Structures are given as structure tokens and as C-alpha cells.
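Undergrad:
2 protein chains.
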Amino acid sequence: MSRETDDLAAVAEPPEDEDLEDLALGEDYALNPEFVSDVADALDRGDADRLRELIAALHPADVADLMGFLSADAREELIPHLDPETLGWILSELDTEIREEVLEHVPSATLAKAIGEMESDDAADVVDDLEADKRAQVLAAMPETERAAIETTLAYQDETAGRLMQREVVAAPQFWTVGQAIDHFRKDGEELPELFFDIYVVDPAYKPVGAVPVSHLLRSGRQILLAQIMEPVTEITVDLDQEEVAYIFDKYRLISAPVVDTAGRLVGQITVDDIVGVIQEEGEEDILALAGVSDAGRDAGVWDIVRSRLPWLVLNLATEAVAVQAINAFQGEIAKLVTLAILMPIVASVGGTAGTQALAVAVRALASRELTAANSVRIVGREMIVGLMNGSVVGLVMSVATYVLFHDLRLSLTIALALLVNLFVAAAAGILAPLTLERLGRDPAVSSSVFVTFVTDLMGFLSFLGLASLILL
Amino acid sequence: MSRETDDLAAVAEPPEDEDLEDLALGEDYALNPEFVSDVADALDRGDADRLRELIAALHPADVADLMGFLSADAREELIPHLDPETLGWILSELDTEIREEVLEHVPSATLAKAIGEMESDDAADVVDDLEADKRAQVLAAMPETERAAIETTLAYQDETAGRLMQREVVAAPQFWTVGQAIDHFRKDGEELPELFFDIYVVDPAYKPVGAVPVSHLLRSGRQILLAQIMEPVTEITVDLDQEEVAYIFDKYRLISAPVVDTAGRLVGQITVDDIVGVIQEEGEEDILALAGVSDAGRDAGVWDIVRSRLPWLVLNLATEAVAVQAINAFQGEIAKLVTLAILMPIVASVGGTAGTQALAVAVRALASRELTAANSVRIVGREMIVGLMNGSVVGLVMSVATYVLFHDLRLSLTIALALLVNLFVAAAAGILAPLTLERLGRDPAVSSSVFVTFVTDLMGFLSFLGLASLILL
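Chains as they are written, first to last, in this note's numbering: chain A, 119 to 591; chain B, 119 to 591.
1. Would a check of beta-carbon distances place B:Gly-410 closer than 9 Å to chain A?
2. Answer yes or no: does any C-beta atom of chain A fall closer than 9 Å to that of B:His-334?
3. Could you name the residues that DSSP lists as bridge partners for A:Glu-349?
4. Determine, using beta carbons only, whether A:Gly-578 and A:Pro-463 come nearer to each other than 9 Å.
5. DSSP on B:Ile-452, reduced to helix/strand/coil?
6. What's the C-alpha gap between B:Glu-488 and B:Val-390?
7. So A:Gly-336 and B:Ile-373 are supposed to be a Cβ contact under 8 Å. How far apart are they, rounded?
8. So what's B:Leu-590 in DSSP terms, helix, strand or just coil?
9. When burial is assigned at 16 or more other CB atoms within 10 Å of the CB, is A:Gly-470 buried or exposed?
10. May I ask you to list the residues that DSSP assigns as paired with A:Asp-71?
11. Once you ignore the five residues that flank B:Asp-124 on each side, which residues in its own chain have a CB closer than 6 Å to its CB?
12. Any Cβ of chain B within less than 9 Å of the Cβ of A:Leu-310?
13. Here's a check: name, in chain order, each residue in its chain whose Cβ is nearer than 7 Å to the Cβ of A:Thr-263, leaving out the five neighbours to either side.
14. Judging by CA-CA distance, which residue of B:His-199, B:Ala-242, B:Ala-289 and B:Leu-257 is the nearest neighbour of B:Ala-227?
15. Please state the DSSP three-state secondary structure of B:Asp-575.
16. Quick check on B:Ala-166: buried or exposed, where buried means 16 or more other Cβ atoms within 10 Å of its Cβ?
17. I believe B:Leu-553 touches B:Ala-441 by the beta-carbon criterion, under 8 Å. Please report the beta-carbon distance rounded to the nearest angstrom.
18. Just mark B:Glu-353 as buried or exposed, buried being the case when its beta carbon has 16 or more other beta carbons within 10 Å.
19. Hey, quick one: how far does the beta strand (DSSP E) through A:Ser-374 stretch, first residue to last?
20. I'd like the ranges of any alpha helix (DSSP H) spanning at least 4 consecutive residues and lying wholly in the stretch 481-555 of chain A.
21. Drop a sphere of 10 angstroms on the beta-carbon of A:Pro-429, count the other beta-carbons inside from all chains shown, and report buried for 16 or more, exposed for fewer.
22. Give the range of the alpha helix (DSSP H) segment to which B:Leu-196 is assigned.
23. Counting only beta-carbon separations shorter than 9 Å, does A:Ile-423 have a partner in chain B?
24. Since A:Ala-258 is in the alpha helix (DSSP H), which residue starts that stretch and which ends it?
25. Helix, strand or coil for A:Tyr-318? Go by DSSP, reduced to three states.
26. Tell me whether the beta-carbon of A:Ile-173 lies closer than 9 Å to the beta-carbon of A:Val-154.
27. Report the neighbours of B:Arg-500 on chain A: residues whose CB is nearer than 8 Å to its CB, in chain order.
28. The alpha helix (DSSP H) spanning B:Ala-174 covers which residue range?
29. Please tell me whether A:Glu-134 has its Cβ less than 9 Å away from any Cβ of chain B.
30. Closer than 9 Å, CB to CB, is A:Pro-624 near chain B or not?
31. Name the two residues that bound the continuous alpha helix (DSSP H) containing A:Ile-216.
32. Taking CB distances under 9 Å as the criterion, tell me whether B:Ala-259 reaches chain A.
33. Tell me whether the beta-carbon of A:Ile-388 lies closer than 9 Å to the beta-carbon of A:Met-236.
34. Taking 8 Å as the cut-off, does the stretch 338-349 of chain B touch the stretch 357-368 of chain B (at least 3 CB pairs, one atom from each stretch)?
35. Give me the Cβ distance between B:Leu-583 and B:Ile-445, rounded to the nearest whole Å; I'm assuming they're in contact under 8 Å.
36. Between B:Trp-430 and chain A, is the shortest Cβ-Cβ distance under 9 Å, so that the two count as touching?
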């Protein structure tokens with residue numbers, strides 16, 4: 119399943135189908151709204167022939183996309199028209215909410231067949247989503263070996279190498295020659311994974327000692343020993359976090375890597391195409407975490423979305439209520455000079471922006487290991503200098519603008535100093551908050567923003583109003 | 119270069135080297151600070167033997183990492199100790215600033231050799247970074263065919279499939295048998311790419327008509343025709359944007375894809391390992407763009423960082439200056455009731471957070487094509503309902519808190535209504551700003567935040583103070 123089985127740009131298709139394919143997808147590979155309504159119409163009419171024709175023009179990945187654009191009723195009607203392979207692909211691509219709904223409506227026997235078409239990692243994910251009753255039914259309807267493979271995969275923790283890996287792997291002993299290996303593959307083709315890139319060379323204890331890329335096997339003489347052409351491998355242990363796995367693949371530009379158990383024995387492999395999904399996922403998680411929202415999914419209901427955002431909003435309300443205590447303390451000053459109330463949000467807002475900048479850069483640098491224990495002191499120092507410099511420039515610009523508008527030198531000085539102080543504090547908070555969370559073993563993207571916003575708002579009000587009471591009043 | 123050539127977990131290495139390898143990298147695959155200072159010490163002492171030993175314990179990717187932790191002087195001293203292959207790998211991994219500095223200090227002949235070790239896409243990137251004089255020297259020092267390949271790659275636009283692809287590709291005519299193909303590869307092994315996963319089957323006009331994965335070739339009988347076992351391919355045209363290419367690879371779970379010119383002829387291939395870098399890059403760009411900062415790079419100087427952040431801070435200053443005009447218009451009200459100045463930042467801040475949430479979700483959904491023309495109306499409507507609901511809940515919580523603190527029902531009502539209005543406006547701005555930018559063909563992540571912050575601050579002040587003047591005063 120890690121490869122196209124049919125395709126939009128597929129060649130050697132009858133021309134009428136190509137027309138339909140052209141109609142299906144727009145320039146940007148998104149489904150055309152017209153095509154989606156064609157499908158919906160065919161479903162309404164109960165026109166099975168047209169439906170089959172329309173679905174046949176789509177890659178399974180696009181059928182999964184299509185499901186997202188249809189109503190729940192339409193989805194339910196569509197499912198019986200899909201073959202097990204397409205259904206299998208779709209199940210591994212669908213958003214969690216739609217998948218759960220689809221899983222409820224597919225008969226156990228059909229599900230067992232569809233899951234049989236999937237790789238063990240994807241299959242385990244789907245089975246994991248089934249309710250206890252249905253899970254038992256589906257597993258019972260599967261061949262013994264497939265069931266065992268899925269149960270073993272499910273025994274590993276979520277988001278670890280063990281869950282990510284395929285158990286299907288090609289291994290060969292060191293003493294085999296290229297010819298022996300090729301003859302073996304040709305004879306036992308049935309037992310091999312559908313697609314593989316590396317042959318892992320193992321010792322008698324089944325520990326990987328090297329890998330031979332298939333393309334190297336292909337161009338080496340039949341009499342050459344595998345041990346002669348094998349390359350060193352980067353082993354991944356089953357319990358490694360998937361984010362670490364992605365980092366290793368990216369850093370060392372791996373195509374595939376053997377996964378070993380705690381005893382060092384080969385138990386599976388991870389290929390780079392599995393990593394693409396992980397990297398997408400981790401990047402999305404960081405974006406959403408920084409914005410203080412969890413992903414409710416494309417087809418989440420309004421309540422799910424509200425629930426994914428409200429906690430952060432209420433937390434923000436609470437911290438802001440604390441921050442405005444700084445204003446409360448200077449009521450007298452504001453009553454004397456209302457201009458202070460007009461200017462103070464500027465100090466808080468620009469500080470917030472500066473803090474967010476430092477925070478985003480730090481979260482990215484931590485994720486790519488550019489910021490580590492080896493250089494954190496230097497990077498923190500640099501951020502603070504940057505804070506002082508940005509604070510000086512922004513303060514200068516603002517003091518000139520203030521003087522032009524209010525003709526008050528002391529007011530100009532007050533806001534310039536307040537901006538300098540707040541941008542320095544913003545830089546410090548923006549880098550120290552994620553660093554501290556990372557040291558504590560927490561996700562540096564989660565809850566950093568709420569802290570940075572709190573600090574920059576509080577310091578924005580406090581520095582401006584405090585300085586005003588010293589300098590102005 | 120798309121594969122480990124040496125490795126930290128490398129097997130069959132002498133034990134003393136393994137110790138050094140263990141010392142080099144921490145649990146999280148980041149370089150140990152002790153190891154970095156060992157290298158710096160060896161450089162200071164001019165201890166070439168120790169240096170060679172330390173470097174030999176590292177994967178080229180870790181040497182690139184190491185460069186980032188060393189001072190500019192130390193880097194310059196280290197370069198002569200690197201072999202061309204390591205230097206080639208490093209050049210394709212280094213951050214732009216360090217790379218430019220390194221490129222200045224490496225003699226042209228050494229550079230030509232290092233670039234010769236790289237794939238054409240990476241090689242072109244490095245050559246592109248050279249200054250005109252040096253570029254001419256380096257190209258002159260390279261063999262004719264390598265030079266031509268690099269010049270052709272550079273003719274394609276940056277961030278397109280043409281720049282991303284390797285020109286090295288394995289093609290075979292449809293009428294070949296598996297046996298003919300294998301014999302050919304074994305005989306002409308020298309001319310083949312170092313590593314390949316698919317053989318592209320081409321027609322007489324060199325247009326791809328299908329692909330045979332190497333693992334399928336291996337297990338098919340020698341007499342089978344390639345045309346019988348080939349699978350359809352997804353063609354990528356040379357001028358496709360790299361973000362689109364990454365989307366296609368992710369969606370259809372491709373391992374490799376043929377790249378064709380405008381006439382449909384095969385000119386190269388893109389493999390999924392190239393895509394991992396693109397996805398990382400695009401995700402990072404979104405995070406930084408949403409925070410209003412460009413990546414100045416790990417080793418950017420303070421001035422570079424200031425320049426990467428100041429424009430957005432000044433823009434924020436300007437929009438905020440406009441937003442506070444709303445406060446200016448209600449000076450009289452604030453003078454009468456200073457409590458208004460204390461509460462108004464809360465309305466603005468929570469609105470800003472709600473807007474950021476909607477924005478981050480929209481940017482992510484646009485990037486993954488979950489939000490398209492086919493469902494935008496529904497998604498916008500859903501966001502607005504969510505805005506109203508969150509506004510109601512947050513407004514209710516805040517009105518209770520306000521009543522407890524100030525015992526003023528009308529003040530409670532005012533802030534509740536203001537929060538409701540602002541969270542509704544925030545939701546609308548958060549979804550409509552990125553959608554509009556996307557429709558205009560712009561990057562939805564860039565400049566959306568500044569707009570959303572402006573709208574939520576302006577509306578926060580306007581709605582709260584305006585309602586206060588109607589209800590309270």
C-alpha cells in the first residue's frame with residue numbers, strides 16, 4: 119500500500135476515463151466541486167453504474183478525500199461500492215471522526231478483507247480504532263498469521279517505532295551470495311513484502327549486521343557474497359518515539375532502517391514513506407500547539423471544535439485578568455492622564471509579537487536540534503541582545519511618533535523606555551519558556567504561548583505605567 | 119548521497135571507535151557538548167591525528183552539525199581535514215550562512231571534487247550559492263558532463279520539481295524482458311545512479327509509460343516483459359512548485375516519480391527522501407510566517423536576526439497605532455470610569471487568541487487541502503458558529519467574574535457582549551484572511567497574523583468602549 123495502485127495521470131487508460139480523471143481533480147490536485155456533486159447526484163439517484171465509473175476514475179487517496187466532502191448519509195451509501203483494496207487504503211487515510219463512523223457501518227467480514235490488504239502498521243491503527251465487540255469479530259474473520267501480526271503491533275506503544283514499522287521484512291544470512299539471494303526471492307516471491315528497498319543481512323542470532331540495497335544486488339555479480347557489498351545500517355529500537363525516528367531519517371537521509379527489539383534482533387523495518395506522514399503530523403502539531411488549539415479534524419462537529427479551543431481561551435482570560443492588575447494599580451495615573459490608556463496597549467501588543475517571534479524560532483530550532491545543550495547559553499544571550507536592539511529601534515520610532523502627536527518629551531521618553539524593557543523581557547520569555555519546558559521533558563510548543571503572552575502583557579502595562587508614574591506624574 | 123555512508127550505530131567497526139561514537143552523540147542524537155569541546159581543543163592544539171580520529175567517529179550529517187557549534191575560525195581550520203565525500207555531504211546540509219562562509223575558504227579544485235560526489239540537485243544548490251568568479255573556476259575544474267548537468271538543473275526555477283529532481287534515472291524500453299534489463303544493469307553498472315528504486319519504462323519518444331519497482335524485477339522470471347509487470351506512474355512536470363510535489367508524494371504515498379519536460383519526455387526523477395526535506399522546510403516556513411519572522415539561520419549574526427524581525431514589529435506598531443484610535447475616541451468615557459481601561463485589554467487579548475486559533479487551523483487545513491473551494495462555505499460558516507459559541511461561554515465567565523469584583527450588572531453585560539462580538543469577529547478574520555490570501559495566489563500564512571491581530575485589537579477596544587458608552591454612561 120505504500121505506492122500508487124492506480125493513478126490520475128495513469129497512462130494506457132481508455133480515453134473516456136482520462137476525461138473523467140481530468141474532470142475529477144483541479145490544477146492543484148484538489149477534487150473539483152463539480153465532480154463531488156456528480157458523485158452526490160449519482161448517490162441520490164442510486165445510479166450504481168455511474169458511481170462505479172466515477173469512483174474508478176479516482177486514486178484511492180482521492181476517494182478518501184471525497185469521503186470528507188460528502189455527507190454522513192452519502193458516505194454510508196458509497197461504502198458498498200468500494201472494493202476491499204480501495205476500502206483498505208481509504209481506512210488508513212481518513213480522518214479519525216469519519217473513520218470511526220465508517221468502521222461502524224462496514225460489516226466485519228468486509229472489514230477483515232480490507233484490513234488484510236493493508237500493511238501491518240496501517241492495519242493495526244484501524245483495528246485499534248474498533249470497538250471491543252467489532253474488533254473481536256473482525257480479528258476472528260482474519261487468517262491466524264495476520265491476526266497475530268496485528269496483535270503484536272498493537273502491543274507496542276502508540277507513536278513509537280514499533281507501531282510505525284512494517285513487520286514484513288526481507289532478511290538474508292551473511293554467507294549467501296547475490297545469486298542465492300536472487301534465486302530465493304524469485305522462488306519464494308509470494309512470501310516477500312509487496313515492495314522492498316533493502317535486504318537486511320543478519321547474523322545467526324537474527325541481529326542485523328548490514329543492508330544491501332536492492333539496486334546494488336541487481337548490479338552485482340551472482341557469485342559475490344552479500345557480506346562483501348552490504349552497507350552499515352542505523353538500527354532503530356522498537357520503543358523509540360516516532361519524532362526521534364523522523365529526526366534520524368531526515369538527518370541521515372535514510373530510505374529504510376531495520377527495527378530491532380531490546381535484544382537487538384530484527385523485528386521489522388521502517389521506510390521513509392512512513393516518515394513523511396510523521397513529519398507532516400509533527401509539524402502540524404507544533405503549529406496548532408503554538409496557537410493554543412488541538413486539531414479537531416476536518417469533519418469535527420461544532421461542539422468538538424469549541425471543546426478544542428475553549429480551555430485555552432479561558433486560560434488566556436485568567437492570565438489576562440492577572441496582567442491587568444498592573445493597570446489596576448495605576449488607576450490614579452490613568453485618571454490624571456487618559457493618554458496613558460491609549461498608549462499602553464501598544465507596548466503590550468508589540469511585546470507580544472516580539473515574544474511570539476522568539477518563541478517560534480526557538481521551537482523550530484529545538485525540533486531540528488539546532489538548539490541544544492551545547493549552544494543554549496550562546497543562543498539565549500543572542501536573543502537578549504536582539505531584544506535590546508529591537509527594543510531600541512521600536513522605542514525610537516515610537517518616541518518620535520509620540521512626540522509628533524503629543525509634543526511631550528517626557529511621554530516620548532516613557533514609551534521608548536517601556537518598549538525597550540518589554541521587548542527585552544519578551545525575548546527572554548520567548549527563548550527561556552520553550553527551553554525550560556524541553557529540559558523538563560515537556561513539549562516546548564505546548565503552553566509556551568500562553569506564558570509568553572501573559573509575561574509581555576503584564577510587563578507591557580507595568581513598565582509603561584510604572585515609568586509614567588516616575589517620569590511624568 | 120541519499121543514504122548513510124557511515125554510521126553512528128555502524129556495526130563491524132573496531133571497538134575503540136564505537137566508544138568514540140558513543141561519546142559523540144547523546145541519547146537524543148544531538149552532539150554532546152563534551153565532544154564538541156574535544157574537537158575545539160584538538161583544533162586549538164593543531165592535533166591533526168586526534169582530529170582525524172574524532173571526525174572519523176562521526177557521520178557526515180553530524181560533522182555538518184558540528185560545524186554549527188564551532189566558531190568561524192575553528193570551522194576554517196577543520197575543513198582541510200575533511201575528505202571530498204564528507205565535504206560534499208556537509209555542503210548540502212549546512213545552513214546558508216555557514217555554507218557561504220565555508221565556500222569562500224575552500225579552494226576551487228577541492229570544491230569541484232566535493233561537488234562531483236553529490237547528486238545533481240544538491241550539487242546545483244551549492245554551485246548556485248557560489249560567487250560569479252568562484253563559480254566559473256569550480257565549473258571549469260569539473261568534467262564536462264557534470265558541468266552540463268549542473269547548468270541544466272540551474273536553468274530551472276528555484277523551489278520547482280526541476281531543481282528538486284536528480285537527473286540520474288534508470289529507463290528501459292517496453293519490449294525489454296526482465297532478463298535483458300538485469301543483464302544490462304549488471305554490465306553497465308558504472309553508468310547507473312548509486313541507488314535507485316524504480317525502472318521507468320519509456321516509449322520510443324522517451325515518454326514514461328510505467329514503472330517497475332526494483333524489488334518486482336528481482337522476483338519476476340527472466341522471460342517476463344517489463345510492459346507486463348509495470349505499474350502506472352504519477353508524472354511530475356519540471357515546473358511544478360515543490361510544495362505541490364510534496365503534497366502529491368504524501369497523498370499518493372509515492373516512493374519515486376518520473377519528472378517530465380513540457381513535451382512529456384523523461385528528464386529526471388524525484389525520490390521520497392528529497393521530499394522529507396521539503397516537508398520539513400514548508401512546515402517550518404508556516405510556523406515562522408505565522409509568528410511574523412523569517413528564519414535567519416542558526417548561525418546568523420545579531421544584525422541578521424534583528425533584520426528578520428524588525429519589519430514585522432514596526433508593522434505591528436503601525437497597525438496598533440491605528441487600533442488605539444478607537445480608545446482615543448472614547449477618552450471621555452475612560453476619564454469618567456477608569457475601570458474601562460483595566461478591562462478593555464482583556465477583550466482585545468482573548469479576541470487575539472481566538473483569531474490566532476482559527477488562523478492556525480485554517481492555514482493547516484489549506485496546506486493539507488482539507489479546506490478547498492468544495493467546502494469553504496461550510497467551513498467558514500462553522501468557524502463563525504464556533505466564534506459565537508466560544509464568545510458566549512467566555513463572555514458568561516467574564517461577566518460573572520466582573521460582577522463579583524465590581525458589583526455592576528451593566529458593566530458585566532457590557533464586557534460579556536463585547537467578548538461575544540470580538541470572538542465572532544476574530545473567528546471571521548481568522549478564517550477569511552488566509553482564505554482570501556490563498557484565492558489571490560499568496561501564501562496564506564504570511565501576513566495573516568498581522569491582520570488578525572489588528573482586527574481583534576481594534577474590535578476589542580471599539581466593541582467594549584462603544585458598548586460601554588451606550589449601556590453604562
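C-beta atoms are modelled at their ideal positions from N, C-alpha and C, and glycine is treated no differently. What you are looking at is a predicted structure, and each value in this text was computed from that prediction instead of being measured.
TA: Answer, in terms of the structure:
1. B:Gly-410 counts as touching chain A.
2. Yes, its Cβ sits closer than 9 Å to a Cβ of chain A.
3. A:Ala-329
4. yes
5. helix
6. Annotation: B:Glu-488 to B:Val-390 spans about 22 Å, alpha carbon to alpha carbon.
7. Here residue 336 of chain A turns out to be Leu, not Gly, going by the sequence shown. Going by Cβ atoms, the distance from A:Leu-336 to B:Ile-373 rounds to 16 Å, so no, they are not a contact pair.
8. Look at B:Leu-590 here: in three-state DSSP terms it is coil, with no helix or strand label.
9. buried
10. Not covered by the structure: residue 71 of chain A. The range shown for chain A is 119 to 591.
11. For B:Asp-124, the predicted model reports a pLDDT of 40, less than 50, meaning its position is unreliable and no value from the coordinates is stated.
12. yes
13. none
14. The candidate whose alpha carbon is nearest that of B:Ala-227 is B:Leu-257.
15. In the three-state scheme derived from DSSP, where H, G and I count as helix and E and B as strand, B:Asp-575 is classed as helix.
16. exposed
17. Taking a contact as a CB-CB distance under 8 Å, the pair B:Leu-553 and B:Ala-441 does not count as one, their CB atoms being some 23 Å apart.
18. buried
19. From DSSP, the beta strand (DSSP E) with A:Ser-374 extends over 374-378.
20. 494-524
21. Flag for A:Pro-429 reads exposed.
22. 190-196
23. yes
24. 250-258 is the extent of the alpha helix (DSSP H) around A:Ala-258.
25. DSSP places A:Tyr-318 in strand when its eight states are reduced to three.
26. no
27. Val-420 and Ile-423
28. 166-174
29. With a pLDDT of only 47 at A:Glu-134, under 50, the local geometry of the prediction cannot be trusted, and the value read off the model is given with reservation. Chain B contact via Cβ: absent.
30. Since the displayed chain A opens at 119 and closes at 591, residue 624 of chain A lies outside it and no answer follows.
31. 214-223
32. no
33. Against a cut-off of 9 Å, the Cβ pair of A:Met-236 and A:Ile-388 comes out as no contact.
34. no
35. 7 Å
36. Interface residue, yes.
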